[in-house]
Amino acid sequence: MNVFLDIPEDLKLKFRQDIDSSAVECFLDLARQDCQRKQAQAKLENLLQVGVDSEVESVTADY
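Numbering (this note's numbering), first residue to last: 64 to 126.
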């Protein structure tokens, strides 16, 4: 079912601005999340490499 409404031009402009603003905010939020994810991934990879490069310790019952 489709409903069509006759919306005054000033309201149409307001809705378009809100939608455009929301789209920009959504894009910026996704970009921030991607940046944070990449930083976390790099930190994890660095910590894993530190572990791989560390000296081997013998594990004993006292460990």
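Quick reminder that beta carbons are idealized off the backbone N, C-alpha and C, glycines included.
Residue i versus residue j - alpha carbon distance
i, j, result
"V87", "L74", "20 Å"
"V113", "L91", "33 Å"
"D116", "L107", "14 Å"
"Q104", "E118", "24 Å"
"K101", "L93", "12 Å"
"F67", "Q96", "37 Å"
"S84", "N109", "37 Å"
Same chain only: Cβ atoms within 8 Å of residue i, ignoring 5 sequence neighbours per side
i, result
"F78", "I70"
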